[in-house]
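Using this note's numbering, the first residue of the sequence shown is number 7, and each one after it goes up by one.
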Amino acid sequence: SNFGKWMKSAEKKARQILPQLSLDGMGEVEKVRTITDYVKSTCTWNNWRGVYASQRFNNFESSRKGSVAEINLFLTGLLQGAGLEAYPVVLSTRDNGSIHLDYPFIETFNYVVAMVKVGNDLYYLDATEKMLPFNELYSSVANVTGLIVVPGVAQWVTTTQNQYDFIGQESKVEIDVEGKLASGNCQTAFTGDYAFNMRRNAVDSRIYTNFGDVYKPLIQNEAVSEEITVLDDGRVVFYPGYFVKIYRNPF
């Protein structure tokens, strides 16, 4: 099959690649992370979806540029070559619509991710997204139903994740009564999809801390200031909500 040929070719290539990754002595989860990060750093997605490889493996291996199926089948083959229990999972992205589990047609699937089992835990991997940690999926393919590609077996899974989206903010403000001004710094930490979207769409990465380290929260620092009112009795009035940035409608 298309999948089988690609993964066998990737497993064969793994004999040359894996010794370079110094996997000896690593735990299985660390191996998964190392191999996934390797594929992310050396392969480029051409923005094509689909569940079939459209080019020969040798052509892909030479350019390291390909579709989501080609990149994640390559990843699955390397994981298998490292002795890990890994399988491709075909699914339909959220914008493509849901799959009828009783009578699924191949035309309804438009994406491939890799799944690896470590102990009792399942990890779902997508090596096309460089701005995400190894065990996180973009929202369009997270928490959707997929079909594990195993010969002779039809098994459905849900691409669940433990990662959650989080925004945390801290503002430090100094009050200048004479100048009638409150000024300071607002520091915002992003994780999950928040961090992913900001990294992917950033115009200037220099305004962030941890921009290049997807395993740490993305930190944004902003200078903030607001005019204040000083009452006759010396009390200071200002709007504290000005120093809290809203990034998504909470309702």
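Note that the Cβ used here is the ideal one computed from N, Cα and C, for glycine as well.
Bear in mind that the values here come from a model prediction, so they are computed numbers and not experimental data.
Whole angstroms are fine: how far does the CA of residue j sit from the CA of residue i?
| i | j | result |
| --- | --- | --- |
| Asp127 | Glu67 | 30 Å |
| Glu233 | Val179 | 12 Å |
| Leu24 | Asp43 | 13 Å |
| Thr335 | His106 | As shown, the chain starts at 7 and ends at 257. That puts residue 335 outside it, with no answer to give. |
| Ile181 | Ala188 | 5 Å |
| Pro256 | Phe172 | Any answer about Pro256 is weak, because its pLDDT of 49 lies below 50 and its placement is not dependable; what the coordinates show is given next. Taking the straight line joining both Cα atoms gives about 12 Å. |
| Tyr200 | Val155 | 31 Å |
| Arg21 | Ser231 | 58 Å |
| Lys222 | Asp238 | 47 Å |
Have a look at the options and flag the residue whose alpha-carbon is nearest the alpha-carbon of residue i.
| i | options | result |
| --- | --- | --- |
| Met121 | Arg100, Ser60, Asn141, Thr114 | Asn141 |
| Val159 | Ser15, Val95, Asn216 | Val95 |
| Val242 | Asn191, Pro223, Val183, Asn227 | Val183 |
| Glu228 | Lys222, Ala195, Val220 | Ala195 |
| Glu36 | Asp238, Glu135, Leu90 | Leu90 |
| Leu153 | Ser69, Trp162, Lys222, Lys123 | Trp162 |
| Gln86 | Lys19, Arg100, Asn102 | Lys19 |
| Thr235 | Ser146, Phe80, Lys186, Gln226 | Lys186 |
| Lys46 | Asn203, Pro139, Ser98, Tyr144 | Pro139 |
| Tyr144 | Ala88, Tyr109, Phe202, Phe244 | Phe202 |
Compare the beta carbon distance of residue i and residue j with 7 Å and say whether it is the shorter of the two.
| i | j | result |
| --- | --- | --- |
| Thr82 | Met13 | yes |
| Ala133 | Asn78 | yes |
| Met137 | Arg39 | no |
| Ala75 | Ala92 | no |
| Lys71 | Thr48 | no |
| Cys192 | Ser177 | yes |
| Leu258 | Val150 | Because the chain spans 7 through 257 in this model, residue 258 falls outside it and cannot be assessed. |
| Val198 | Gln169 | In the sequence as displayed, the identity of residue 198 is Gly instead of Val. Yes. Within cutoff. |
Which residues bound the beta strand (DSSP E) around residue i?
| i | result |
| --- | --- |
| Asn227 | 224-233 |
| Val179 | 172-182 |
| Met204 | From DSSP, Met204 is part of no beta strand (DSSP E) but of the alpha helix (DSSP H) over 198-207. |
How far does the alpha helix (DSSP H) with residue i in it reach, from first residue to last?
| i | result |
| --- | --- |
| Val147 | No alpha helix (DSSP H) holds Val147; DSSP gives it neither H nor E. |
| Ser47 | 34-48 |
Does the Cβ of residue i lie closer than 6 Å to at least one heavy atom of the ligand SAH?
| i | result |
| --- | --- |
| Lys71 | Annotation note on the ligand SAH: not contained in the displayed structure, which lists no ligands. |
Q) Any chance the region 98-117 sits against the region 52-69, with 3 or more Cβ pairs inside 8 Å? A) Touching, per the Cβ criterion.
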